[in-house]
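Okay, structure first, notes after.
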Amino acid sequence: MAVSEKQTLGFQAEVKQLLQLMIHSLYSNKEIFLRELISNASDAADKLRFEAINNGALLENDPDLKIKVTFDKAARTITISDNGIGMSRDEAIAHLGTIAKSGTKEFFTKLSGDQQKDAALIGQFGVGFYSGFIIADKITVNTRRAGTPATEGVCWESEGAGDFSIEAIDKATRGTDIILHLREGEDEYLSSWKLKSIIQKYSDHISLPILMQKEEWDDEKKETVIKDEFETVNQASALWARNKSDITEEQYVEFYKHVSHDFEAPLTYTHNRVEGRSEYTQLLYVPARAPFDLWDRNKRGGIKLYVKRVFIMDDAEQLMPVYLRFVKGVIDSADLPLNVSREILQESRDVKVIREGSTKRVLSLLEELANSDDTAQKEKYAIFWTQFGQVLKEGVGEDAGNKERIAKLLRFASTHNDSDAQTVSFADYIARMKEGQDKIYYATGETYVAAKNSPHLEIFRKKGVEVLLLTDRVDEWMLSFMQDFEGKELVSVAKGGLDLGSLEDEAEKKQHEETASDYKELVEKMKAALADKAKEVRVTFRLTDSPACLVADENELSGNLLRMLKAAGQEAPDSKPILEINPDHPLVQRLKYEDAKFDDWSNILFDQAMLAEGGALVDPASFVKRLNEMLLGLAAK
């Protein structure tokens with residue numbers, strides 16, 4: 001088939017699903033269609049401006065970039081036109097018929113069928129062009145890529161069901177015209193006043209002029225008539241380049257929605273003009289909700305780079321460290337060359353200065369929330385931590401220069417509270433430390449319940465010593481880069497020998513030494529019985545209720561980290577744990593006088609300790625058999 005003939009092609013399955021969900025979930029906020037289509041038109045102009053830096057011929061005879069919005073009451077259509085980069089036939093099929101965004105599959109698995117929740121998620125994903133189907137039952141797109149002849153225009157058309165058609169047309173002008181054929185009942189949008197009000201509400205920040213036809217009262221006809229002249233209906237200046245005093249809160253919020261394609265307002269933002277060794281303007285936002293692909297560390301960042309207000313690239317990851325990948329916004333440099341590439345960005349000293357300055361600004365923004373006396377600000381930080389806390393923890397290992405600042409922003413669950421809420425800072429912990437305590441104690445676990453109920457905490461509860469409960473997967477990795485906080489050593493309650501320092505008095509220490517001596521023979525027998533399981537067996541005084549627990553040697557990986565590595569399919573060192581026994585527990589005391597079943601009882605204690613810390617038994621059947629035999633033996637007595 002010749003490409004000039006009309007072809008009918010099927011939508012990608014995900015497009016069909018998105019269209020149905022979007023039309024139903026976003027129907028209560030229909031007017032966003034115009035914001036999305038104008039935003040796309042603005043992006044198309046930005047891309048042309050960038051490509052024209054090295055190829056001025058792309059501008060043809062029309063160098064003034066603009067967006068036009070018109071409507072036709074008789075035909076019941078709204079048209080959004082731009083003279084931006086335009087699309088070729090292949091690009092129209094790729095951009096309008098498929099979703100190429102990374103994480104598409106994960107995105108759709110998170111949709112729940114709850115319209116309100118789905119609307120927020122769809123907003124994160126970005127609806128763009130498809131939002132037109134909220135008010136239109138057919139969309140026609142006429143487009144031509146800049147630099148191609150008029151005969152290579154393309155007409156794309158669809159009713160938003162299962163397929164779309166595409167054919168070659170003649171198009172004298174470059175760029176894209178999107179024609180919305182309105183559904184029944186949507187005639188309120190065939191109004192100059194309505195369209196202008198939407199543009200001024202959502203798109204006033206767009207730096208291109210948005211043009212609409214002028215209206216004038218006709219005394220003879222006694223009605224308003226539309227003229228052939230066009231007027232600019234937005235401010236048409238880069239929002240970040242304006243003075244802060246001239247920008248309203250609503251304008252900041254709408255600009256955020258434009259750059260992030262998020263439907264929700266941001267949690268907080270910062271707008272600064274930096275002068276000195278490097279001159280640049282930054283307008284940076286922290287979202288209120290984590291995107292669905294937050295954990296994709298290969299995803300490019302959310303920063304748009306401009307040079308002297310000329311768009312250079314989306315997602316300039318070199319301008320923000322990976323652990324701040326949730327930050328959205330714009331950075332406009334006065335120093336970088338207009339033909340800057342990603343390779344140049346990696347080596348540029350100016351970029352390094354911008355990155356360092358922007359990183360510090362984001363951390364300052366978070367510090368302002370975290371340290372504020374205002375309840376609303378503190379609540380904002382709690383929201384931030386819930387959404388992005390685990391990602392911020394990555395910075396402890398990735399950003400040595402800001403490690404101390406990041407450490408002050410960390411929040412954890414702890415035995416001081418009765419919930420799993422991560423609200424305790426290191427400063428909070430230190431302020432509550434017992435007299436004579438010089439260490440920060442923590443326990444790790446796969447879940448909050450597992451960490452909270454760990455037998456390793458028993459002595460700390462008895463002495464009223466607070467323990468931080470760390471249950472995020474990133475915690476073990478983070479701790480490998482953080483040995484202390486403000487001179488206070490971080491100590492795992494499940495590693496090494498327990499040293500409570502001055503929290504134990506001399507009488508306790510002497511009693512412990514005597515007890516350990518009394519159990520020396522038992523310890524040696526258990527070592528022999530558990531030679532293939534335990535690296536060592538020793539008496540402990542960290543337990544009050546449990547008969548035994550497992551600990552890792554001081555310089556070895558914790559049991560929790562070993563389990564995580566194996567679950568992730570990664571190689572883990574083949575190390576054996578240390579079994580610690582509680583000399584005050586009846587089971588351990590009974591074991592001193594057990595001969596016939598000594599090996600079985602020793603193995604049961606080890607396996608119980610393994611289960612108590614969330615581990616999996618190598619031979620669960622043998623454990624059950626031994627336990628049943630022990631219970632039957634006790635019942636017979």
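Residues in the sequence shown are numbered from 1 upward in steps of one, following UniProt numbering.
Using N, Cα and C, we set each Cβ at its ideal position, and we do this for glycine too.
As the structure is a computational prediction, the values presented were derived from the model and not from experiment.
Straight-line Cα distance separating residue j from residue i
{"i": "Pro586", "j": "Gln387", "result": "46 Å"}
{"i": "Asp177", "j": "Ile53", "result": "24 Å"}
{"i": "Glu317", "j": "Arg277", "result": "22 Å"}
{"i": "Gln7", "j": "Asp137", "result": "20 Å"}
{"i": "Ala288", "j": "Lys576", "result": "44 Å"}
{"i": "Asp475", "j": "Glu486", "result": "19 Å"}
{"i": "Ile80", "j": "Leu490", "result": "60 Å"}
{"i": "Phe11", "j": "Trp385", "result": "39 Å"}
{"i": "Thr151", "j": "Asp170", "result": "4 Å"}
{"i": "Leu500", "j": "Asp438", "result": "9 Å"}
{"i": "Leu366", "j": "Arg355", "result": "17 Å"}
{"i": "Ser414", "j": "Thr270", "result": "32 Å"}
{"i": "Gly132", "j": "Phe71", "result": "14 Å"}
{"i": "Arg405", "j": "Ser364", "result": "9 Å"}
{"i": "Ala603", "j": "Gly615", "result": "Strictly speaking, residue 603 in this sequence is Asn, with Ala absent from that position. Their backbone Cα atoms lie some 15 Å apart in a straight line."}
{"i": "Arg144", "j": "His181", "result": "21 Å"}
{"i": "Gln115", "j": "Ile134", "result": "Legend: pLDDT at Gln115 = 49, less than 50; position of this residue unreliable, value from coordinates given subsequently. If I take the Cα positions, the gap works out to 14 Å."}
Given residue i as reference, the closest of the options once Cα atoms are compared
{"i": "Arg273", "options": "Ser245, Lys257, Ile406, Ala241", "result": "Ala241"}
{"i": "Glu186", "options": "Asn29, Ser245, Val396", "result": "Asn29"}
{"i": "Glu5", "options": "Glu152, Gly487, Ala168, Glu36", "result": "Ala168"}
{"i": "Glu508", "options": "Phe485, Phe541, Lys527", "result": "Phe541"}
{"i": "Asp64", "options": "Ala265, Val465, Gly84, Arg461", "result": "Gly84"}
{"i": "Ala534", "options": "Asp46, Leu522, Ile578, Val551", "result": "Ile578"}
{"i": "residue 647", "options": "Leu319, Trp295, Leu294", "result": "No information on residue 647 is available, as it lies outside the stretch 1 to 637 that the chain covers here."}
{"i": "Ala236", "options": "Ile210, Thr140, Lys380, Lys257", "result": "Ile210"}
{"i": "Thr592", "options": "Lys525, Leu500, Phe623", "result": "Just to set this straight, residue 592 is Lys in the shown sequence, not Thr. For Lys592, the nearest C-alpha among the options comes from Lys525."}
{"i": "Ala421", "options": "Gly153, Phe129, Leu469", "result": "Leu469"}
{"i": "Pro337", "options": "Gly389, Tyr280, Leu294", "result": "Tyr280"}
{"i": "residue 662", "options": "Asp228, Tyr441, Leu239, Leu180", "result": "The chain is shown only over 1 to 637; residue 662 falls outside these bounds and no answer can be derived."}
{"i": "residue 695", "options": "Ala94, Ser546, Glu629, Gly86", "result": "Outside the shown range of the chain (1 to 637) lies residue 695, about which nothing can therefore be said."}
{"i": "Lys597", "options": "Pro620, Ile581, Asn628", "result": "Asn628"}
{"i": "Pro547", "options": "Arg538, Glu554, Leu324", "result": "Arg538"}
Endpoints, the alpha helix (DSSP H) within which residue i is located
{"i": "Glu554", "result": "Here Glu554 belongs to no alpha helix (DSSP H), and DSSP marks it neither H nor E."}
{"i": "Thr8", "result": "Careful: Thr8 lies outside any alpha helix (DSSP H), inside the beta strand (DSSP E) at 7–10."}
{"i": "Ser39", "result": "32–51"}
{"i": "Asp62", "result": "Looking at the DSSP string, Asp62 is not in any alpha helix (DSSP H), and its letter there is neither H nor E."}
{"i": "Thr151", "result": "Neither: Thr151 is in no alpha helix (DSSP H) and is coded neither H nor E."}
{"i": "His258", "result": "249–260"}
{"i": "residue 657", "result": "Because the chain is modelled from 1 through 637, residue 657 falls outside the range shown and cannot be assessed."}
Boundaries (first-last residue) of the beta strand (DSSP E) holding residue i
{"i": "Asn142", "result": "136–144"}
{"i": "residue 708", "result": "Missing from the structure shown is residue 708; the chain here goes from 1 to 637 and no further."}
{"i": "Leu457", "result": "Taken as a continuous stretch (DSSP letters only), Leu457 belongs to no beta strand (DSSP E), as it is neither H nor E."}
{"i": "Lys68", "result": "67–72"}
{"i": "Tyr269", "result": "268–274"}
{"i": "Phe230", "result": "223–232"}
Residue i burial status per 10 Å Cβ neighbour count (16 or more: buried)
{"i": "Ser419", "result": "exposed"}
{"i": "Ala57", "result": "exposed"}
{"i": "Val618", "result": "exposed"}
{"i": "Gly497", "result": "exposed"}
{"i": "Lys510", "result": "exposed"}
{"i": "Asp532", "result": "exposed"}
{"i": "Asp296", "result": "exposed"}
{"i": "Leu631", "result": "exposed"}
{"i": "Gly464", "result": "exposed"}
{"i": "Lys462", "result": "exposed"}
{"i": "Asn40", "result": "buried"}
{"i": "Val225", "result": "exposed"}
{"i": "Asn55", "result": "exposed"}
{"i": "residue 654", "result": "Lying before the first or after the last residue shown, residue 654 is absent from the chain, which here runs from 1 to 637."}
{"i": "Glu379", "result": "exposed"}
{"i": "Gly175", "result": "buried"}
{"i": "Asp262", "result": "buried"}
{"i": "Asp228", "result": "exposed"}
{"i": "Asp46", "result": "buried"}
{"i": "Leu479", "result": "buried"}
{"i": "Asp484", "result": "exposed"}
{"i": "residue 649", "result": "The requested residue 649 is not part of the displayed model; the chain covers only 1 to 637."}
Minimum Cβ-Cβ distance from residue i to chain C less than 7 Å
{"i": "Ala57", "result": "Looking at the structure shown, chain C is missing, and only one protein chain is on hand."}
Segments assigned alpha helix (DSSP H), at least 4 residues, entirely inside the segment 589–619: Those alpha helix (DSSP H) runs which fall completely within the segment 589–619 and span 4+ residues are 598–612.
Could you tell me which whole alpha helix (DSSP H) segments of length 4 or greater appear in the segment 279–359? Here the runs fully enclosed are 342–347.
Sequence ranges, beta strand (DSSP E) only - wholly within the segment 398–464, length at least 3: Counting only runs of at least 3 residues, the segment 398–464 fully encloses the following beta strand (DSSP E) elements, listed from N- to C-terminal order: 439–444.
Every unbroken alpha helix (DSSP H) within the segment 511–553, with a cutoff of 4 residues, ordered by chain: For the segment 511–553, whole alpha helix (DSSP H) runs of length 4 or above, ordered along the chain, are 520–529.
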